[in-house]
Every structure is written in structure tokens, then in C-alpha cells.
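Peer 1: Protein chains in written order, with this note's numbering: chain R, 2 to 164; chain A, 1091 to 1194; chain G, 50 to 687. Glycine is no exception: its CB is placed at the ideal position from the N, C-alpha and C atoms. These numbers come from a predicted model, not from an experiment. Can you read through this structure? Questions will come right after.
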């Protein structure tokens, strides 16, 4: 990726994504955190487009930015106001240390490793290719995933049911 | 200036790290859930970046894997939010540090 | 005459009574569970039938042995246990010694069982009694037949167990329980020696087969020190079982069991086992002068000491018990003087007349309701047959010509004269004592006037029923006759012939003057008893007051019981060993256990903090684990 447009798009999207994530961590109100989270999800969708994964970008917007965020808003709305605080527990410094260690480790691995040639062109028409792959080569995991979704739906229904 | 695989990997690592921080430090169960979703996203960015940049016979496998990851994330979110509701109904709280009846 | 006994038939000798035991036990179990019902008389008939089968087969075995070359029928042993270096076989050793013993055990046991049927007729434990008797007989037969020391040990312990069960048969009585425990513990003390001897010989030779050990000893493969220790250990076991000094104390107390049990214990099963064991391993003793001397000394001491104690007992069964101890001392002294054949011959004859004496005592008890001779007297008039049989048995025991005891006792005396002169004098003193206490027993019980018996309902003693008299008659006939079987030295050749080497045992030489002197001493003893207890020329109390220190010592049984119970059991064991063990247990073992528990508790108090019950703590642990393990993997495998 050498085009000026692509590079600029990357940096903008990276800033949105990571910045929104940091906002999620910092804001005190859960509703605002969800809004910031949506921003981060949308940034990731843009990164997917940049990575020539248009289908995934659409899925990301639909499921993460749409469904999951709405679900979270519902959950926040169903719990009382007092529970909308986004405070940290006593473990915050330990968690920060661990997260920093994890990030440092991942970045070190990502930069130190020799990844080999990266001269590949982006994909064309990923949606039809993914659809074909799901129904041919990956049909078994596909079915398993459908069963998983069913089980998750039933589980969620059973758990929130009034006794 | 060139943008390569490493850049995307670093973005993925940062998302993962922030998600980890959230899921370990937030008191509210929904906050924890947000952290987990961020970690998913970090992993997904990494997978798609590998699919885009690295040579291989199964180049599209990374994107297919992300499809499954998103599916599972959706299921996980639904179950986790259901747990949050059930927890609130029983204990009038969604604070994970107060849900400790399994304390040894 | 007949063809040689097959191995299966030989095994049947042992297995028939054991099978009878199993059937009676299972039937009793079924009955107690309410399944079917077995009427009591069946158990007696089953036992008698099984032992009759054993007797018939034993006689067949004896015949086979007589016909066989080398007076032994060899059966191939079967492999039993095989644990790396330990190879234990199980086999049937059929030679002169075991064949004679099989026949004696089965024969005496049979007559005792028939007698018991009358004696125990109204006992609530009828079936249990016959089950134990079957097991007892089977165990003794198995002991006799064992070709392997471990096999022998198993049956040996089984015999011990049965004696415990039968002595404590009336377990409602405190004295019976005590006596059973005492017998068990005292014999176990000796068994400790036997077990260590077994371990020693296995360590030294890697063999437990009797034949192989004898061969190893004869070829000199076993050092003399090891041999002496082995023989000593075995003799400790034998002394326990055969009630030799100083482990004799259990036998008089064992009288608490039913009288037929006493008859069986004293004649054929329990106490004979010790003598049999020494005889079985006789070649090893013959090679070890120290062991042989020990056996002779212990035997002689036992013979004289028990004879003295027999003089002061008032309980008829206790007199007989000390008499048995004394006679077992004779046998041991004979073995210790290299007289294998005379000792076993005496065991053989003694079995019959001692069983008869006990059955007679049981018959007297049946009539008078007591065992105390001071309450008897004049019974000759009421119980003529019992009187006749008891007199025969008593004279046989004293050794009056031509009854059975004369022949065997005379051989023992002859061999002692040749081999160890001091043993001879001890045994001769024993003959006098035997005559004295047997005469006392006869005159106190059967002469004079009846002194009332055991109170209520026994005012008019009556003769015992036929079922009790018939076995007594059979034994009386044997007591008269069996002494003659060795007239042609047949028995001796049978026994000595099956030894692995010539010249191990010494043959006794018959001498007229010796026979005459022993009979004379016997008659003298009976005569003294007649003067004191029959004619009452001198009153017994006067004699007692003249010899009061001796009498006091005797009445306290040489203070042996006081020593064991007062000093050793109460003082040494209870205050010393038990106290030390208690301290060790409370301070050491409990301290260790509690300490471990305390330590675990303290550690757990700390460690449980990790189980915070909060998911985030667990999540942090997972993240930490991922980071640490990734770093480790990268460092190890860059």
C-alpha cells in the first residue's frame, strides 16, 4: 500500500479505531462508552475495506456496530441508572500492567518477526468467494456455527426468563 | 510512506490490549463485555491483515475465519448480556466484583 | 494288599472335613437368612461321615506307605504361589510319619465326634460346634500332610484359630473367653519363632519345601549356626502348640472348652502338632546338637514340672491337662534323645488313652455336674463302665504291662538311658509322679462315698448314654491293644525308613530290668496314692502341711501365671511397652498427623485467597499465563 490516499486513509482509520477504544476505557458513563465503541467498530470496518475485505466490512457494520451495540444499549437500559457507572475495580493497576505487557509482547512479535514478501494484490469479489468457501470447504464449521447460534439463542432466552 | 502488515498488526495489538484492560478492570459487567468485543476486533483485524498480505494457497481462509469469529462473538454477546440480566435480577447489581459467591 | 492310593484320594483325607465345615457353615448361614432349614442332627452326621471317610482313606494311605519302597509315596507338588524369587508349592507328603499321624488324627477325631453327639446334644451351638470340629480336624490333617513349610504354617495357624474358637466355644462365660485369648496369645508367641525360622530358612536356602530343606541340611549346604537358629525357632513354635515349658500355661486353662474339645486337643490335634513338627523336621534336629539338647532339656523339665502340678489340682480336667503337658514333655525329651520312633509311638498310644481319659472325665461331669474331684467319690458304683474305661486308660498312661502306654514309655526310657542318662532319671521321676496323680484321680473320683456332685439334680449320678460309652469302649480297646503294633518293630521301620538318611535316629533296645523298674515305679506310685487317698493311712492335709513350701509353690503353679499376668502382662507390657507406645502414638504419630493437618490448614488459608470468586482475577491469571508462557516459548525457541 503505497498510494497517498490509502496511507492517509489508514492513519485516519487507525486514529479513529484506537482513539475510540481509548475513549471507551476512559468515559465514566456507559451509554457514552457504547457510542465510542460503535466508533471503534466502524473504524475497524474501514480498516477491513482497506484490507480489501468488503464483505467483512459490511458484516462488521451490521453485526458489531448495529446488533451488538443495540443489544448493549438495551442491557444498559434494562438495568437501573445507578448501574450505568463505568468505574474500575481495585485491580486497575494490575490490569493496566498486564495489558501493557500484552501489547508490548504482541507488538514486539509483530515487528521482530520476518513476515516474508508482501507484494500481493488485494482480493476481488470477496463476497462470492467467501460464500462459495462457506458452502463447500467450510460447510461443516458453517453448520456447527448455526447450531451454536441456536444454542446461544435458547440459552439467552432461558437465562433471562422470569422464574 | 508505506503502510504494511506490521501497521495493521500493531493496530490489532492495541485494540486487543485496550480490550484486555477493559475486561480486567471494569466493574460493570457490560463494560467487561465491551472489552471482550474489542479483543475480538483486534484479533479480527490481525486475521484479515494476514489474509491480505501473506502469500498462501488458502488466502481467503483468514476472512472465512473472521466470519466465524463474528458469528461466535454475536452468540457470546447475546449470552453475556443474558447473564448480566439474570445477575441483576438475582442480586440487584451488575458489578462483577460483587458476584463472588464462589469465593474460596 | 490294595493298590497304591491315588493323589486325589489322599487329598480327600484333608478335604472331606473341610468340605463338611463349609457345608455346615453355609447351611447355617442359609438358615439364619431364613432360606431352607437344616435340622441340627444333620451337622453331626455330616461331620462324622466326613471324618469316617478321612479315616478310611488314611488307613488306605497307611497301607500304601507300608507297601511302598522307602516307606513313602511321593506326589508331585503343585505350584501355588510364584512371586519372583518366592516359589511356593503345595503338596501332599505321604510317608511313614504322616500316614501314622493321619490315621491317629482321623481315628481319635471320629470317636470324639460320635461321643460329642451325645455330650453336646442339648447345646444351642450344636451346628457351630460340629462346624468348628470339622475345621479343626481338617486343619490338623492338612498340617500333617503338608509338604511345604508355608503350607504347613497356614494349617498350623488354622489349627490355632480353631483351638481359639473351640476353647471359647461357650463365649458367654468370662473364663472361657479369657482362656481362649490366653491360648491364642501364648501359642502366637511361639508362632513368632516358627515364622522367623521360616523367613530365615527361606533367606538362606530359597526353599520352603520340607524335603528340599532336609536335603540341603544333610549335604551341609546350611551352616550349623543357621541350622541351630532354625531348629530353635521351629521348636519355639512347637513348644507353644505342644504346651512345653515355659509356654505351657494356656493348656490347663483350655479346659474351659467343651470336654470333647479337650479330648481332641489333648489327644490328636492341637498339642500333637508341635511334636509332629519337630518329628517332621527331625533330620535337621539330628544335625544340630544345640537344638537337640534344648529340646531334651525343655522336654524333661516340662515332664517333671507338669507332673508335680498334676498332684495338687482338684479339677479333674486340670489334672489331665497337666498330665498331657507332662506326656508331651516325654515325647519332646525322646525326640531330644534322637528317639524319633519312640516319641511318635508314644504320641500314637497317648492319643488313644488320653482321649479316653477326657471322654471319661466328660462322662463323670455329665453325671455329677462338676469337674471338682472333691465333690465326687464312689462313682465306681454308679458308673461301672466309665470306671472300667478310665482305669484302663489310667493304667495305660502310668505304663502298666501290657497296656499301650507301657510299650511306648518303655521305649522312651530305654533310649534316654542309652543317649542321655539325666533325661532317663527325669523321665523315671515323671513315671512315679504320673502314677501318683493318676492314682489320686482314680481314688478321689471313683472310691469312697459320693460327696454330692455339683448340687441340684445331681444327687443320684447315673451312667452315661450308649452314644458316649461306645466310642469310649472303642478307645479302651485301642488303649489296651495299640501298644502291640510295634512288637515287630513295624512302626519303627515305617518311621525311620522314611528318613532321608540312615543313622539319624537311634533305635531303642529293650531291657527286661528297665521295663520291670518302670512298671515297679508305676505300681509304687499308684500304691502311695492308694495309701493316702484310698486307705487314708496318712491324710493328704498332713502331707501338705509337712511339705507346705512345696505345696504352696505348686498351688500357685510355680508362679508362672503370676509371672506372666502380673509381671509381664500388667507390669512390663501394660506399664512399659504399652505406655511407651501410647506416648509414641500420642506425641509422635498424632503429632505428625495433626501437624500435617495444621500445616495444610495454614497453607490453605493463604492459598484460598487465590480463589477470589471474581472472574476478573481468573481472567488476569489467564492473561498473565499467556504472557509468561509466550515469553518462555520465545526465549527457549527463538
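1) Can you tell me the Cβ-Cβ gap for residue 496 (chain G) and residue 410 (chain G), rounded? I've got them flagged as a contact below 8 Å.
2) Show which residues of chain G have a CB atom less than 7 Å away from the CB atom of residue 223 (chain R).
3) Just tell me which of G:133, G:144 and G:153 has its CA closest to the CA of residue 103 (chain G).
4) Taking 9 Å as the CB-CB cut-off, is residue 1191 (chain A) touching chain B?
5) Check the C-beta distance from residue 296 (chain G) over to residue 239 (chain G) and give it rounded, since I have them as a contact under 8 Å.
6) What residues from chain A crowd round residue 30 (chain R), counting only those whose CB sits closer than 9 Å?
7) Less than 9 Å between CB atoms is the rule here; does residue 677 (chain G) satisfy it with respect to chain A?
8) For the alpha helix (DSSP H) containing residue 339 (chain G), list its first residue and its last residue.
9) Could you name each continuous alpha helix (DSSP H) segment of 4 residues or more that falls completely within the segment 121-191 of chain G, going from the start of the chain to the end?
10) Note down, one range per segment and in chain order, each alpha helix (DSSP H) of at least 4 residues found wholly within the segment 287-313 of chain G.
11) Apply the 10 Å Cβ neighbour rule to residue 658 (chain G) and answer buried if 16 or more other Cβ atoms are within range, or exposed otherwise.
12) Does the Cβ of residue 134 (chain G) have 16 or more other Cβ atoms within 10 Å, making it buried, or fewer, making it exposed?
13) For residue 1114 (chain A), return the contacting residues in chain G, with the cut-off set at a CB-CB distance below 8 Å.
14) What residues in its chain sit with their C-beta under 7 Å from that of residue 1106 (chain A), if we drop five residues either side in the sequence?
15) Do we get a CB-CB distance below 9 Å when we pair residue 1171 (chain A) with the residues of chain G?
16) Among the residues of its own chain, which have a CB less than 6 Å from the CB of residue 301 (chain G), if the five just before and after it don't count?
17) With 9 Å set as the bound, which would you pick, yes or no: does the beta-carbon of residue 1181 (chain A) sit closer than that to a beta-carbon of chain R?
18) Below 8 Å, can you find three or more Cβ-Cβ pairs linking the segment 351-360 of chain G to the segment 470-490 of chain G?
19) Which one of A:1184, A:1102 and A:1185 has the shortest CA to CA distance from residue 1127 (chain A)?
20) Under 9 Å between the Cβ atoms of residue 331 (chain G) and residue 406 (chain G)?
21) Among residues of its own chain, excluding the 5 on either side of residue 528 (chain G), which ones have a beta-carbon nearer than 6 Å to its beta-carbon?
22) Which value, in whole angstroms, describes the spacing of the CA atoms of residue 82 (chain G) and residue 176 (chain G)?
23) Going by the DSSP bridge assignment, what does residue 366 (chain G) pair with across the sheet?
24) Taking the alpha-carbon of residue 181 (chain G) as reference, which of G:253, G:139, G:313 and G:434 has the nearest alpha-carbon?
25) Among G:334, G:266, G:231 and G:425, which has the Cα closest to the Cα of residue 364 (chain G)?
26) How would you call residue 166 (chain G), buried or exposed, if buried means at least 16 neighbouring beta carbons within 10 angstroms?
27) Closest to residue 397 (chain G) by CA distance: which of G:630, G:123, G:146 and G:344 is it?
28) Which residues does DSSP pair with residue 197 (chain G) in a beta bridge?
29) Quick check: is the beta carbon of residue 660 (chain G) nearer than 9 Å to any beta carbon in chain A?
30) I'd like the list of long-range same chain contacts for residue 87 (chain G), defined as Cβ closer than 6 Å, with 5 residues on each side in sequence excluded.
31) Would you be able to state if there are at least three C-beta pairs under 8 Å between the segment 336-349 of chain G and the segment 375-390 of chain G?
32) Here's the rule: buried if 16 or more other CB atoms are within 10 angstroms of the residue's CB, otherwise exposed. What is residue 101 (chain R)?
33) Just the C-alpha distance for residue 625 (chain G) and residue 282 (chain G), rounded to the nearest angstrom, thanks.
34) Assuming residue 99 (chain G) and residue 68 (chain G) make a contact with CB atoms under 8 Å, what is their CB distance in whole Å?
35) Give me the Cα-Cα distance between residue 286 (chain G) and residue 277 (chain G), rounded to the nearest whole angstrom.
36) Looking only at C-alpha atoms, which of A:1116, A:1094 and A:1104 sits nearest to residue 95 (chain R)?
Peer 2: Quick look at the numbers:
1) Wrong, their Cβ atoms sit about 16 Å apart, outside the cutoff.
2) Any answer about residue 223 (chain R) is impossible in this case: the structure gives chain R only from 2 up to 164.
3) For the options G:133, G:144 and G:153, the alpha carbon positioned closest to that of residue 103 (chain G) is the one of G:153.
4) Of the protein chains in this structure, namely R, A and G, none is chain B.
5) About 5 Å separates the Cβ atoms of residue 296 (chain G) and residue 239 (chain G), confirming a contact at the 8 Å cut-off.
6) In chain order: nothing, as chain A lies at least about 11 Å away.
7) Cβ-Cβ to chain A under 9 Å: no for residue 677 (chain G).
8) Start and end: 338-361.
9) The qualifying runs are 145-168.
10) Counting only runs of 4 or more residues that sit fully inside the segment 287-313 of chain G, the alpha helix (DSSP H) segments are 299-302, in chain order.
11) Flag for residue 658 (chain G) reads exposed.
12) By the 10 Å Cβ count, residue 134 (chain G) comes out exposed.
13) Within chain G, the residues near residue 1114 (chain A) are 665, 668, 669 and 672.
14) Take residue 1106 (chain A), set aside five residues on each side of it, and the residues of its chain with a beta-carbon closer than 7 Å to its own are 1129, 1132 and 1133, in chain order.
15) By this cut-off, residue 1171 (chain A) is not an interface position.
16) Shown here for residue 301 (chain G): same chain residues with a beta carbon closer than 6 Å to its own, the five before and five after excluded, namely 367 and 370 in chain order.
17) By this cut-off, residue 1181 (chain A) is not an interface position.
18) Touching, yes.
19) When A:1184, A:1102 and A:1185 are compared, the shortest CA-CA separation from residue 1127 (chain A) is found for A:1102.
20) Residue 331 (chain G) is not a Cβ neighbour of residue 406 (chain G), given a cutoff of 9 Å.
21) Same-chain partners within the cutoff: 401, 402, 405, 441, 442, 445 and 453.
22) Between the alpha carbons of residue 82 (chain G) and residue 176 (chain G) lies a gap of roughly 15 Å.
23) Partner(s): none; residue 366 (chain G) has no beta bridge.
24) From the listed residues G:253, G:139, G:313 and G:434, the smallest Cα separation to residue 181 (chain G) is found for G:313.
25) Here the closest residue by C-alpha is G:425.
26) So residue 166 (chain G) ends up on the buried side.
27) The residue from G:630, G:123, G:146 and G:344 with its alpha-carbon nearest to that of residue 397 (chain G) is G:146.
28) In the DSSP output, where bridge partners are listed per residue, residue 197 (chain G) has G:258.
29) True, the Cβ-Cβ gap to chain A drops below 9 Å.
30) Since pLDDT at residue 87 (chain G) reaches only 49, below the 50 mark, its modelled position is unreliable, and the value read off the structure follows with that caveat. Excluding positions up to five away in sequence, the list reads 76 and 80.
31) The segment 375-390 of chain G is in contact with the segment 336-349 of chain G.
32) Counting other Cβ atoms within 10 Å of its Cβ, residue 101 (chain R) stays below 16 and is therefore classed as exposed.
33) Roughly 26 Å between the two C-alpha positions.
34) Between residue 68 (chain G) and residue 99 (chain G) the Cβ distance is about 7 Å, and since that is below 8 Å, they are a contact.
35) Looking at the two C-alpha atoms, the distance is approximately 14 Å.
36) Residue A:1116 holds the alpha-carbon nearest to the alpha-carbon of residue 95 (chain R) among A:1116, A:1094 and A:1104.
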